[in-house]
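2 protein chains.
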Amino acid sequence: MAQVCVLSGGVGGARFVRGLVDVIGAAHVVVVGNVGDDDEFFGLHVSPDLDSLVYALAGVHDEQRGWGRRRETWNALDTARALGDDETWFQLGDRDLGLHLVRTKALRAGEPLSAVTARIAAALGVDVRLLPATDHRLRTIVRTAAGELSLQEWFVRRRARDRVEGLRFEGAAFAKPAPGVIEAIGGASAVLIAPSNPCISIWPILAVRAIQAAVRRARPVVAVSPLIGGKAVKGPAERMLRSLAGGTAPIHVAGCYDGLLDGLVLDEADASGAKAVERLGIRPTVTRTLMRDRRAARRLAEAVLEAARA
Amino acid sequence: MAQVCVLSGGVGGARFVRGLVDVIGAAHVVVVGNVGDDDEFFGLHVSPDLDSLVYALAGVHDEQRGWGRRRETWNALDTARALGDDETWFQLGDRDLGLHLVRTKALRAGEPLSAVTARIAAALGVDVRLLPATDHRLRTIVRTAAGELSLQEWFVRRRARDRVEGLRFEGAAFAKPAPGVIEAIGGASAVLIAPSNPCISIWPILAVRAIQAAVRRARPVVAVSPLIGGKAVKGPAERMLRSLAGGTAPIHVAGCYDGLLDGLVLDEADASGAKAVERLGIRPTVTRTLMRDRRAARRLAEAVLEAARA
């Protein structure tokens, strides 16, 4: 089997990628990860989605908490808080911090994000190729009544309470795909879009023009809906799609990837929306999409691969 | 009682300062701390001596280990090491790191070291006034057969194995005393030099010309020898004095502070060297100087205050 290329956000995408790797093996998967929610805290470059992918693929993620590392401690941030610092709303665990220190140093020394990501992944024993969408600066900016917010400000600091009026992807016009991304998409036997939040996890990837063009040329492109019964398993996808895509039915998810999809995998709970998707010329696949455990992720991966073959 | 001003290095000095505070109260002590061993790791500004002082005065230091914080964890640095980073020879604990993050951010935002040090000390409940010698960049550089090394490279990375041929204090010619330092020295009822390593803890302070001039004008100036029986309690003072001051007798310690001292407090084990000190016009005080515990530190502080009154 040739390689598949997965466009992915953080936690949910990481679960899906792990399932995929279980089914077809690490050598047959290339992941293009979102960097739109990257940010700086205490001057350290944080790449939440890439890190969720690395931690999950290395098996050092915290399954319960849903993000970050297992056996994590919080002594550095607790100290910063005790010293009166107000930048402590973004949770940085001590182990996590170690990675940010290494990456930030590398970036300051001029090493591209793609190179340091590969180094970090390899050091943690990850054998899946993981590429950031771009080595350039690309930031998801959330437009709200409270003004423009960085994604983390909106999501973490203000707990996603501000209604999202729009998004823009700062730097996207200048961002070039990271080395290997276009080749991975172009050479893939299928391009899969992980069950991540379309707006803040996948749009920033597609905001890189050359990536979008490459996905447009690729066949088949199959997305997995992150919604189950029109609701998000976790995170703000539901309200966001309502606001930015007109609703949370499969057709709205498909609409997020306008003109790109050959197939959409959706949950049994959304089966009634399959027909509308089909009318768009997109082949719907109805299955169970909740990745309760690794076995469920594997099953979903199999269904998605099957959909891509069809 | 008016204020005393103490020139101090890290751990040993911090013990002495704590004893002093126990005797005369925090309001009567101003500490001028060495910054010559400051350095950057992972782009973070580390001030080992100021931090030893803050931790000891806040009572959060690790008494057993002798440096750093109590109940410390090492997860960030362990992670950096696991990721193959080679800058992990300088031990940065997670709690310690929290302080470095806060300080580095403040320095980058333009806050002077003296201001951020005061903020940090206050946040940790330290009520002694603690001033860095200077807000400017001042670095102790160690000349060895292996070339010039930063103090931490020489001391920590290479474990002080290279013979010290000389020291220079980079930036000293441009460094101005931090706000309050000259006033603290000039207004003190006594200037005390803590039992720190003269060459690498006190010389960098005195390398700031205006500080040296102020100490030269001050009366009385009483130093405490860090050596006991010509040997260092801890650290490289013995070999360093042999190399840079011609020996480890009280007269050599006095020689480190040439022309500045009115009194020198030395250990009973070095009593035979008292006469030679006296011949220099410096009043020797012989007492027990080992600060085995807080009570011993208090006793030493009392003896030093007594010597300053004489």
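Protein sequences, first through last, are from chains A and B.
The opening position of the first sequence corresponds to residue 29 in our numbering, with each subsequent residue numbered one higher.
The opening position of the second sequence corresponds to residue 29 in our numbering, with each subsequent residue numbered one higher.
The C-beta atom is built at its ideal place from N, Cα and C for all residues, glycine as well.
Alpha carbons only, please: which of the options is nearest the one belonging to residue i?
| i | options | result |
| --- | --- | --- |
| Val45 of chain B | B:Ala222, B:Leu294, B:Arg191 | B:Ala222 |
| Val88 of chain B | B:Ala201, B:Gly153, B:His73, B:Thr168 | B:Gly153 |
| Ala238 of chain B | B:Gly214, B:Asp321, B:Leu255 | B:Gly214 |
| Glu193 of chain B | B:Leu105, B:Val184, B:Ile169, B:Gly208 | B:Ile169 |
| Pro254 of chain A | A:Ala265, A:Gly138, A:Ala304 | A:Ala265 |
| Asp79 of chain B | B:Gly138, B:Thr107, B:Val144, B:Val49 | B:Val144 |
| Val57 of chain A | A:Leu35, A:His164, A:Ala325, A:Asp90 | A:Leu35 |
| Lys259 of chain B | B:Pro248, B:Pro140, B:Ala277 | B:Ala277 |
| Thr116 of chain B | B:Ser178, B:Arg185, B:Leu272 | B:Arg185 |
| Leu220 of chain B | B:Ala251, B:Gly94, B:Leu195 | B:Ala251 |
| Gly257 of chain A | A:Lys303, A:Ala325, A:Thr317 | A:Thr317 |
| Thr107 of chain B | A:Gly94, A:Leu129, A:Asp106, A:Ala108 | A:Leu129 |
| Ile141 of chain A | A:Leu177, A:Asp77, A:Arg187 | A small fix is needed here, since residue 141 of chain A is Leu in this sequence, not Ile. It is A:Asp77 whose Cα lies nearest to the Cα of Leu141 of chain A. |
| Asp163 of chain A | A:Pro207, A:Ile148, A:Ala149 | A:Pro207 |
| Leu269 of chain A | A:Trp231, A:Arg247, A:Ala218, A:Leu333 | A:Trp231 |
Residue i and residue j look like a contact to me (Cβ under 8 Å); what is the Cβ gap, rounded to whole Å?
| i | j | result |
| --- | --- | --- |
| Gly121 of chain A | Gly96 of chain A | 5 Å |
| Asn62 of chain A | Ala161 of chain A | 6 Å |
| Ala216 of chain B | Val32 of chain B | 5 Å |
| Gly291 of chain B | Arg311 of chain B | 4 Å |
| Leu289 of chain B | Val249 of chain B | 5 Å |
| Arg327 of chain B | Asp50 of chain B | Contact flag wrong, Cβ pair sits at about 10 Å. |
| Ala104 of chain B | Ala104 of chain A | 6 Å |
If you count every other CB in all the chains shown that lies within 10 Å of the CB of residue i, and 16 or more means buried, which is it?
| i | result |
| --- | --- |
| Asp65 of chain B | buried |
| Ala212 of chain B | buried |
| Lys133 of chain B | buried |
| Ala242 of chain A | buried |
| Gln92 of chain A | exposed |
| Glu296 of chain A | exposed |
| Phe202 of chain A | exposed |
| Ser300 of chain B | exposed |
| Arg189 of chain B | exposed |
| Gly1 of chain B | Within the shown structure, residues of chain B are numbered from 29 to 338, placing residue 1 of chain B beyond reach of any answer. |
| Ala173 of chain A | exposed |
| Arg136 of chain B | exposed |
| Gly47 of chain B | buried |
| Arg123 of chain B | buried |
| Asp381 of chain B | In the structure displayed, chain B extends from 29 to 338; residue 381 of chain B sits before or after that span and is not available. |
| Ala302 of chain B | buried |
| Ala338 of chain B | exposed |
| Ala30 of chain A | exposed |
| Ala150 of chain B | exposed |
Quick one: grab the DSSP three-state call for residue i.
| i | result |
| --- | --- |
| Glu176 of chain A | strand |
| Ile256 of chain A | strand |
| Ala222 of chain A | coil |
| Gly301 of chain B | helix |
| Leu188 of chain B | A quick correction: the sequence has Ala, not Leu, at residue 188 of chain B. Coil. |
| Ile169 of chain A | strand |
| Thr145 of chain B | helix |
| Glu198 of chain B | strand |
| Thr132 of chain B | helix |
| Asp90 of chain A | coil |
| Asp65 of chain B | coil |
| Gly48 of chain B | The sequence given here has Leu at residue 48 of chain B, not Gly. Helix, per DSSP. |
Could you check if residue i belongs to the surroundings of the ligand MN, using beta carbon to heavy atom distance under 7 Å?
| i | result |
| --- | --- |
| Ala277 of chain A | Within the structure as shown, the ligand MN is missing, as the structure has no ligands at all. |
Can you grab the Cα-Cα spacing for the pair residue i / residue j, in whole Å?
| i | j | result |
| --- | --- | --- |
| Gly287 of chain B | Arg244 of chain B | 8 Å |
| Gly37 of chain B | Leu234 of chain B | 12 Å |
| Ala42 of chain B | Arg131 of chain B | 20 Å |
| Ser229 of chain A | Arg157 of chain A | 18 Å |
| Leu72 of chain A | Phe197 of chain B | 30 Å |
| Gly40 of chain B | Pro205 of chain B | 23 Å |
| Gly283 of chain A | Met319 of chain A | 23 Å |
| His280 of chain B | Val314 of chain B | 16 Å |
| Lys262 of chain A | Asp298 of chain A | 17 Å |
| Glu100 of chain A | Tyr83 of chain A | 12 Å |
| Ser75 of chain A | Ala335 of chain B | 59 Å |
| Val293 of chain A | Arg171 of chain A | 30 Å |
| Ile52 of chain A | Gly112 of chain B | 29 Å |
| Gln180 of chain A | Ala200 of chain A | 18 Å |
| Cys227 of chain A | Leu159 of chain B | 51 Å |
| Ala54 of chain B | Arg167 of chain B | 29 Å |
| Ala329 of chain B | Arg322 of chain B | 10 Å |
| Val236 of chain A | Ile148 of chain A | 24 Å |
| Arg187 of chain A | Glu176 of chain A | 15 Å |
| Arg267 of chain B | Glu139 of chain B | 38 Å |
| Ala273 of chain B | Gly94 of chain B | 26 Å |
| Arg191 of chain A | Val209 of chain B | 53 Å |
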